[in-house]
Amino acid sequence: MWPLIRILPREFHFNFVRLAPYAAILSALLIAGSGVSFFTKGLNLGIDFIGGSMIEVQTKGPADIAKLRATMMQVGGEDAQVQQMGAANGAVLRFRTAEGVSPVDGAERIKTELSKEFPGITFKKVEVVGPKVSGELMQGGFMALGVAVFLMLLYIWFRFQLQFGLGAVVGVFHDVLLTLGMLSLTHLEFSMTSIAALLTVIGYSMNEKVITFDRLRENLRKYKTAPLADVINRSENERLSRTLITGSTAILALSGAVFFGGPVLLPLVITMVFGIVVGTYSSIYVALPIILLWGVKRGDEPAEPLKPQAAR
Amino acid sequence: MMNLSRWKVIAVVLSAIFGVLFTLPNLLPADVRDSLPGFMPKQTLNLGLDLQGGSHLLLEVDTAALKRERLTNLVEDTRTTLREAQIPFAELREVNGEVSVLINDPAQANTAVNKLRASVAGVAPGAPGGREISISNDGGGRIRLSLSQDAMTAEAGRAVDQSIEILRRRIDELGTKEPTIVRQGVDRIVVQAPGESDPQRLRDVIGQTAKLTFQMVDESVSLEEAAAGRVPPGSELLPSEDGYTSMVLVKKRALVTGEMLTDAQQSFDQQSGQPVVSFRFNSQGARRFGEATAVNIGKRFAIVLDGKVISAPVIQSAITGGSGQISGSFTPQSANDLAILLRAGALPAPLKVEQQSTVGAELGADAVKAGVISLAIGGVAIIIFIILAYGLFGVFAAIALVVNVLLILGIMSFTQATLTFPGIAGLILTLAVAVDANVLIYERIRDEAHAGRSPISALEHGYSRALVSILDANITSAISALIMFQFGSGPIRGFAWTLLIGVVTSVFTAVVITQVLIGLWFRVKRPKALPIV
Chain R
1320 MWPLIRILPR EFHFNFVRLA PYAAILSALL IAGSGVSFFT KGLNLGIDFI
1370 GGSMIEVQTK GPADIAKLRA TMMQVGGEDA QVQQMGAANG AVLRFRTAEG
1420 VSPVDGAERI KTELSKEFPG ITFKKVEVVG PKVSGELMQG GFMALGVAVF
1470 LMLLYIWFRF QLQFGLGAVV GVFHDVLLTL GMLSLTHLEF SMTSIAALLT
1520 VIGYSMNEKV ITFDRLRENL RKYKTAPLAD VINRSENERL SRTLITGSTA
1570 ILALSGAVFF GGPVLLPLVI TMVFGIVVGT YSSIYVALPI ILLWGVKRGD
1620 EPAEPLKPQA AR
Chain X
548 MMNLSRWKVI AVVLSAIFGV LFTLPNLLPA DVRDSLPGFM PKQTLNLGLD
598 LQGGSHLLLE VDTAALKRER LTNLVEDTRT TLREAQIPFA ELREVNGEVS
648 VLINDPAQAN TAVNKLRASV AGVAPGAPGG REISISNDGG GRIRLSLSQD
698 AMTAEAGRAV DQSIEILRRR IDELGTKEPT IVRQGVDRIV VQAPGESDPQ
748 RLRDVIGQTA KLTFQMVDES VSLEEAAAGR VPPGSELLPS EDGYTSMVLV
798 KKRALVTGEM LTDAQQSFDQ QSGQPVVSFR FNSQGARRFG EATAVNIGKR
848 FAIVLDGKVI SAPVIQSAIT GGSGQISGSF TPQSANDLAI LLRAGALPAP
898 LKVEQQSTVG AELGADAVKA GVISLAIGGV AIIIFIILAY GLFGVFAAIA
948 LVVNVLLILG IMSFTQATLT FPGIAGLILT LAVAVDANVL IYERIRDEAH
998 AGRSPISALE HGYSRALVSI LDANITSAIS ALIMFQFGSG PIRGFAWTLL
1048 IGVVTSVFTA VVITQVLIGL WFRVKRPKAL PIV
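Protein sequence lines correspond, in order, to chains R and X.
Position one of the first sequence corresponds to residue 1320 (the working numbering), numbered consecutively onward.
Position one of the second sequence corresponds to residue 548 (the working numbering), numbered consecutively onward.
Below, the structure written as structure tokens:
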């Protein structure tokens, strides 16, 4: 039976639309949950966004976390966090410098003190972000998210109809909210890299929506009189094998990075995998239902598939 | 769509050659790479600091300090001008970013304004379109001098340019490998130094203004009296690092300044053997220093660096040779660093470190290893999966995928775009999305075949129909990559660039390469049915 694709039935007859009300409830619950987590737990903002310092150290023997913590208390790193990281002799220290002291000098002083207390300690990575820059990074990051979503809305509006664009944007917002909720719930660090991951999630999710819409538009032209719900079901069933294969390829591709990417890539990759799953789901159960509820203009689209068609 | 036009085949062959040729240097050991013939590309991937280790510093020129200094000078200039014009005045001081002075006899105010206009406003000729300093007179004898915003902006701009130049000289002398020093925005400078083993030293060299002055020590009052607040006018109490006292009282007027140095070198004192910095004055500096030392034999002068006294020796005899040495509590390295700073010149304004990131080379190497393993596992997993799913067509897609990776790495090596650690994750996802293009095409071909089309017609329609979706989808991806590039910084930009290159090469390889391969296969085999149907 090789190639395996032959095992897949030629046609699927799954009633996607029938499940839409339940999916709507599920989405609403998930979004509410994300909101609750977001507002109660908040995001674990990295120093990129709140300013402060991070030092990754390697001690000679196994890292004595308690002693590291005690030393940090003494040398005046404010609300210092000490965590073991990677191997037994690795640890990561996060702290803020008292106001009025240059954060860079503060970090230097702590490095000097740590060298005294822990002979043979090495500093693998030192990051210091001043409060001014962190504010700008945060602003730039969220600005990027907003601009990206807006431009994609414009593009989809230009290529399809306005309701497609809105369906896509609502779907993308759904994905972003759930991803933020996931990040808040898991307490993964939210840094500039997470913004990149979110943008990638947005890109992938839009990608899914475009492909969904493309098939829908084509079938709307083909079956001019069939009810919209039937056309949607038909399109999704036609597309189902592709959705399954692409989704599993993407997750499979990232699997290596999940297990071997180490602590730096992990938050990024987890966000991406989560986004792939959510983005695929929201294409079918957020974007399409919105189009279904709103309705589409039909019959006035010329049958030439290749010309871009602006909404009227 | 399926007819094999010559240019398509040529494009596929050329792209594969390009990919191999430009990726190859990354796989060869350095000595083999160097012995390649001249026409072969030798550039390797430009790894980001997070992959090769190094330091990244974001500095801000302290323009507020620049303005304060300008105002202080303006106060002194105003004082001198009015004294020379013999106009009595009072209440000369800085108020709210302006200089304010009260002329005792309001009738003289106009004369004073004219005098000031001629001298003070002429000190720095105004920028085009306006005077740098505006002078107003309220009629009651009160005169205000303020610096125009344009002039300050222009001066800040000059200060940033000058700072970049001076930083470059300083860092080059440290022997740092390929540092990049670029301006960012209005008043910021980014310094990147790959592989710098001692970021502390880099920061020391950057962080000091290195403003050097020679000032007389004021011995008219004792240190205790001065510390109790009785500092004579025209003198100031400065912290000292000479190892004898913690403070030194010095006269404000500088005898000689660091700009009058022509050379500075680290050497050793001939008597004590201690590391010192020996220097040479230019002719103006030599003359001034000679005159000052000749009349002050037996008194002390202070060598002041960035507001701290480094030593305060007693003048034994007039120093007219135009050279001398600075001794202090130096190590050979710190003496050498000071010499570097003095040679490169003082920064026009202090630099504040706003952001610093230092990655050890070892951590970078670990990241490269983790990235390569992740990429290899991801790539192999995709290839196995796609071949299992689509058989021969899967093999074609896998070939396209390999060429895609080679092209991305080749283009990144060729353009010297920076590959960062998050960029590797971007690369992996790019591969998945590239395969999606093939999945779309193959599924479309299956649909068309199931609908009863002949193999050639199914192929034809599969490619042309899927292409629309593929382009739409990839344009949205390109939009998000461009946005990241525009708004992101550092590692994010690298990530965005990797995505953007990937979008372009993916569309090409997934569509054109598989099309050519399937076309060739079809021409040879003339199959009755497609293997994926």
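Here a beta-carbon is modelled for each residue, glycine too, at the ideal position from N, C-alpha and C.
Asked	Found
Closer than 9 Å to chain X by CB, Ala1467/R	yes
Arg1329/R Cβ short of 8 Å to the ligand SAM heavy atom set	As presented, the structure is devoid of all ligands, the ligand SAM included, so that no description of it is given.
Residue interval of the beta strand (DSSP E) (run including Gly854/X)	No beta strand (DSSP E) holds Gly854/X; DSSP gives it neither H nor E.
Residues of the stretch 1023 to 1034 of chain X with Cβ closer than 8 Å to any Cβ of chain R, in chain order	Thr1023, Ser1024, Ile1026, Ser1027, Ala1028, Ile1030, Met1031, Gln1033, Phe1034
Outcome for Thr1443/R when other beta-carbon atoms lying within 10 angstroms are tallied against a minimum of 16	Looking at the sequence itself, residue 1443/R is Lys, so the reference to Thr does not match. The residue is buried, with at least 16 neighbouring Cβ atoms inside 10 Å.
Exposure label - Val670/X; buried when at least 16 CB within 10 Å	Residue confidence is low: Val670/X scores 45 on pLDDT, short of 50, so the model does not pin down where it sits. Its coordinate-derived value is still stated next. By the neighbour-count rule (16 or more Cβ atoms within 10 Å), Val670/X is not buried but exposed.
Option in Gly1361/R, Ala1548/R, Ala1399/R, Ala1385/R with minimal Cα separation from Ser1372/R	Ala1399/R
Whole-angstrom distance between Val1411/R and Gly1405/R, CA atom to CA atom	9 Å
Val1080/X beta carbon less than 9 Å from that of Ala996/X	yes
Within the stretch 737 to 790 of chain X, ranges of the beta strand (DSSP E) (whole runs, at least 3 residues)	759 to 764, 782 to 786
Any chain R beta carbon closer than 9 Å to Ile1039/X	yes
Closest Cα partner of Leu1345/R within the set Thr1599/R, Tyr1604/R, Leu1481/R	Tyr1604/R
Euclidean distance between Cα positions of Val797/X and Ala833/X	21 Å
CA-to-CA distance, Phe565/X to Met587/X, given in whole angstroms	11 Å
CB contact below 9 Å: Thr1599/R versus chain X	no
Cut-off 7 Å between Cβ atoms - residues of its own chain near Ala1013/X, not counting five sequence neighbours on either side	Leu987, Ile988, Arg991
Beta-ladder partner(s) of Glu1508/R, from DSSP	Asn1363/R
Enclosing beta strand (DSSP E) for Thr809/X [first to last residue]	808 to 815
Neighbour-count burial assignment, Arg1287/R, 16 or more Cβ in a 10 Å radius	Only positions 1320 to 1631 of chain R appear in the structure, and residue 1287/R is not among them; the question remains open.
Residue span of the alpha helix (DSSP H) that contains Ser921/X, given as start and end	908 to 962
Nearest residue (CA-CA) to Glu607/X, options Pro635/X, Leu663/X, Asp652/X, Gly754/X	Gly754/X
Met1462/R (DSSP reduced to helix, strand or coil)	helix
Cut-off 8 Å between Cβ atoms - residues of its own chain near Val567/X, not counting five sequence neighbours on either side	Leu953, Gly957
Neighbour-count burial assignment, Ser1353/R, 16 or more Cβ in a 10 Å radius	buried
Residue from Thr1505/R, Phe1593/R, Ala1385/R, Ala1576/R whose Cα sits closest to the Cα of Lys916/X	Ala1576/R
Beta-carbon gap between Leu898/X and Ser602/X smaller than 9 Å	no
Burial state of His1008/X (16 or more Cβ within 10 Å)	buried
Closer than 9 Å to chain X by CB, Gln1628/R	Its pLDDT being 43, under 50, Gln1628/R is placed unreliably by the model, and nothing is read from it.
Phe1042/X versus Ser787/X, Gly973/X, Ala558/X, residue with shortest Cα-Cα distance	Gly973/X
Residue nearest to Gly1049/X in terms of C-alpha spacing, selected from Ala945/X, Gln655/X, Thr977/X	Thr977/X
Members of the stretch 905 to 924 of chain X that neighbour chain R once the beta carbon cut-off is set at 8 Å	Thr905, Val906, Gly907, Glu909, Leu910, Asp913, Ala914, Ala917, Gly918, Ile920, Ser921, Leu922, Ala923, Ile924
Alpha-carbon spacing of Gly1409/R relative to Glu1418/R, whole angstroms	29 Å
C-beta neighbour in chain X for Thr1565/R, strict 9 Å	yes
Identity of the residues DSSP links to Glu607/X by a beta bridge	Arg735/X, Lys899/X
Paired residues, beta bridge with Arg827/X - DSSP	Asp810/X, Ser870/X
Neighbour flag for Val1078/X against chain R, beta carbons, 9 Å	Residue identity differs from the one stated: residue 1078/X is Pro in this sequence, not Val. It does: the Cβ of Pro1078/X has a partner Cβ on chain R nearer than 9 Å.
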